[in-house]
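K.L.:
Chains as they are written, first to last, in our numbering: chain A, 1 to 114; chain B, 115 to 227.
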Amino acid sequence: DAEITQSPRHKITETGRQVTLACHQTWNHNNMFWYRQDLGHGLRLIHYSYGVQDTNKGEVSDGYSVSRSNTEDLPLTLESAASSQTSVYFCASSESGRGTDTQYFGPGTRLTVL
Amino acid sequence: AQSVTQLGSHVSVSEGALVLLRCNYSSSVPPYLFWYVQYPNQGLQLLLKYTSAATLVKGINGFEAEFKKSETSFHLTKPSAHMSDAAEYFCAVSVEAGTALIFGKGTTLSVSS
Numbered sequence: 001d002a003e004i005t006q007s008p009r010h011k012i013t014e015t016g017r018q019v020t021l022a023c024h025q026t027w028n029h030n031n032m033f034w035y036r037q038d039l040g041h042g043l044r045l046i047h048y049s050y051g052v053q054d055t056n057k058g059e060v061s062d063g064y065s066v067s068r069s070n071t072e073d074l075p076l077t078l079e080s081a082a083s084s085q086t087s088v089y090f091c092a093s094s095e096s097g098r099g100t101d102t103q104y105f106g107p108g109t110r111l112t113v114l
Numbered sequence: 115a116q117s118v119t120q121l122g123s124h125v126s127v128s129e130g131a132l133v134l135l136r137c138n139y140s141s142s143v144p145p146y147l148f149w150y151v152q153y154p155n156q157g158l159q160l161l162l163k164y165t166s167a168a169t170l171v172k173g174i175n176g177f178e179a180e181f182k183k184s185e186t187s188f189h190l191t192k193p194s195a196h197m198s199d200a201a202e203y204f205c206a207v208s209v210e211a212g213t214a215l216i217f218g219k220g221t222t223l224s225v226s227s
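#1: Quick one: Cα of T169 of chain B to Cα of T77 of chain A, how far?
#2: Would you mind sorting T26 of chain A into buried or exposed? The rule is 16 or more other CB atoms within 10 Å of its CB.
#3: Is it buried or exposed, A214 of chain B, if we count other Cβ atoms within 10 angstroms and call 16 or more buried?
#4: Would N31 of chain A and S94 of chain A be called neighbours here (beta carbons separated by less than 9 Å)?
#5: Per DSSP, what kind of secondary structure is D101 of chain A in: helix, strand or coil?
#6: With a CB to CB cut of under 7 Å and the five nearest residues on each side skipped, what residues in its chain are close to S83 of chain A?
#7: Hey, T221 of chain B and Q120 of chain B: beta-carbon distance below 9 Å or not?
#8: Which residues, taken in chain order from the region 199-220 of chain B, show a beta carbon closer than 7 Å to some beta carbon of chain A?
#9: So with Cβ pairs under 9 Å, would you call P107 of chain A a contact of chain B?
#10: List the endpoints of the continuous beta strand (DSSP E) containing A22 of chain A.
#11: Give me the chain A residues within the contact set of K163 of chain B, using Cβ-Cβ distance strictly less than 8 Å, ordered along the chain.
#12: For H41 of chain A and chain B, any beta-carbon pair shorter than 9 Å?
#13: Checking contacts by CB at 9 Å: is N155 of chain B closer than that to chain A?
#14: Are the beta-carbon atoms of A200 of chain B and G218 of chain B separated by less than 9 Å?
#15: Would you call L135 of chain B buried or exposed, if buried means 16 or more other Cβ atoms sit within 10 Å of its Cβ?
#16: Check this for me: beta carbons of R68 of chain A and V88 of chain A, under 9 Å apart or not?
#17: From S123 of chain B to Q156 of chain B, what distance separates their C-alpha atoms?
#18: Where V19 of chain A and Y50 of chain A are concerned, what is the direct C-alpha to C-alpha distance, given to the nearest angstrom?
#19: Taking only the alpha-carbon atoms, compute the straight-line gap between T165 of chain B and S7 of chain A and give it to the nearest angstrom.
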């Protein structure tokens with residue numbers, strides 16, 4: 001069965017370190033998204049991609065970057081981790097760019113920045 | 115711009131009681147609306163979605179939602195709550211242009227026996 005996986009599931013890091021969160025999907029979907037989930041804020045969009053070599057900033061992109069070199073993967077990099085980036089991160093994918101598309105979510109990565 | 119407001123961050127019901135989770139949206143163009151559920155320590159999964167066909171949408175696990183344009187609402191209901199329905203529920207909106215979903219802040223549903 002097709003799926004979307006994230007690794008690691010849990011990560012503790014220190015302020016100032018670079019961190020990369022992996023997202024891999026086997027749906028062969030063109031679109032991939034990164035969200036962060038914080039209490040009282042729901043899910044907020046960080047970055048998204050509509051295909052290989054395409055990346056776009058979302059609502060809360062400062063301090064994050066992504067790159068899309070193939071269809072299956074969209075790694076999220078925190079250039080210099082800050083305590084404000086302690087959160088749960090979700091990756092999602094969808095088939096195309098239509099507004100009716102269902103997004104399929106990974107299990108999440110819980111990141112703690114000390 | 116689109117936005118979603120979920121009224122009530124926490125809803126508590128008894129097992130067997132009606133579940134009603136409220137969602138109001140704002141959109142300058144025809145919206146598409148979604149309800150997602152998140153069980154503890156898991157990702158989100160789709161419950162149902164409105165894509166401009168029928169205004170009453172049926173989803174998984176006995177949930178349904180009705181799109182009411184005049185009220186800009188898309189409330190989620192289930193006639194009889196089950197203990198396994200305890201989870202966090204998110205309403206989300208998108209538009210035809212295909213941008214990412216805009217989520218509400220979520221409603222935690224608790225079900226007591």
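Backbone N, C-alpha and C define an ideal beta-carbon position, used for all residues, glycine too.
P.N.:
Let me spell this out:
#1: Here residue 169 of chain B is taken as the residue at index 55 of the second sequence, counted from 1. Here residue 77 of chain A is taken as the residue at index 77 of the first sequence, counted from 1. Cα to Cα, the separation comes out at about 41 Å.
#2: Counting from one through the first sequence, the residue named residue 26 of chain A turns up at place 26. With fewer than 16 other Cβ atoms within 10 Å, it is exposed.
#3: Position 100 of the second sequence, counting from 1, holds the residue named residue 214 of chain B. Looking at its Cβ environment, which holds 16 or more other Cβ atoms inside 10 Å, A214 of chain B is buried.
#4: Here residue 31 of chain A corresponds to residue number 31 of the first sequence, with the count starting at 1. Here residue 94 of chain A corresponds to residue number 94 of the first sequence, with the count starting at 1. Yes. Within cutoff.
#5: Along the first sequence, one-based indexing puts residue 101 of chain A at 101. Coil.
#6: Residue mapping note: residue 83 of chain A aligns to position 83 of the first sequence, counting from 1. The answer, listed in chain order, is T15 and V113.
#7: Taking the first residue of the second sequence as position 1, residue 221 of chain B is located at position 107. Taking the first residue of the second sequence as position 1, residue 120 of chain B is located at position 6. Yes. Within cutoff.
#8: F204, S208, V209, E210, A211, G212, A214, L215, F217, G218, K219 and G220
#9: By 1-based counting over the first sequence, the position of residue 107 of chain A is 107. Chain B contact via Cβ: present.
#10: The residue given as residue 22 of chain A occupies position 22 in the first sequence. That run of the beta strand (DSSP E) goes V19 to Q25.
#11: Here residue 163 of chain B is taken as the residue at index 49 of the second sequence, counted from 1. Going along chain A in sequence order, the residues near K163 of chain B (Cβ under 8 Å) are T100 and T102.
#12: Numbered from 1 along the first sequence, position 41 holds the residue referred to as residue 41 of chain A. True, the Cβ-Cβ gap to chain B drops below 9 Å.
#13: By 1-based counting over the second sequence, the position of residue 155 of chain B is 41. Yes - at least one Cβ of chain A is within 9 Å of the one on N155 of chain B.
#14: As a first step, residue 200 of chain B is located in the second sequence; it is residue number 86 there, counting from the start. As a first step, residue 218 of chain B is located in the second sequence; it is residue number 104 there, counting from the start. Cβ distance not < 9 Å, so A200 of chain B and G218 of chain B don't count as in contact.
#15: By one-based count along the second sequence, residue 135 of chain B stands at place 21. So L135 of chain B counts as buried.
#16: Position 68 of the first sequence holds residue 68 of chain A. Position 88 of the first sequence holds residue 88 of chain A. Contact flag unset, no.
#17: For the purposes of this step, residue 123 of chain B is taken as residue 9 along the second sequence, with counting starting at 1. For the purposes of this step, residue 156 of chain B is taken as residue 42 along the second sequence, with counting starting at 1. Answer to the nearest angstrom: the Cα atoms are 19 Å apart.
#18: As a position in the first sequence, residue 19 of chain A is number 19, starting the count at 1. As a position in the first sequence, residue 50 of chain A is number 50, starting the count at 1. Approximately 23 Å, taken between the alpha carbons.
#19: Indexing the second sequence from 1 puts residue 165 of chain B at position 51. Indexing the first sequence from 1 puts residue 7 of chain A at position 7. Rounded to whole angstroms, T165 of chain B and S7 of chain A show a C-alpha spacing of 33 Å.
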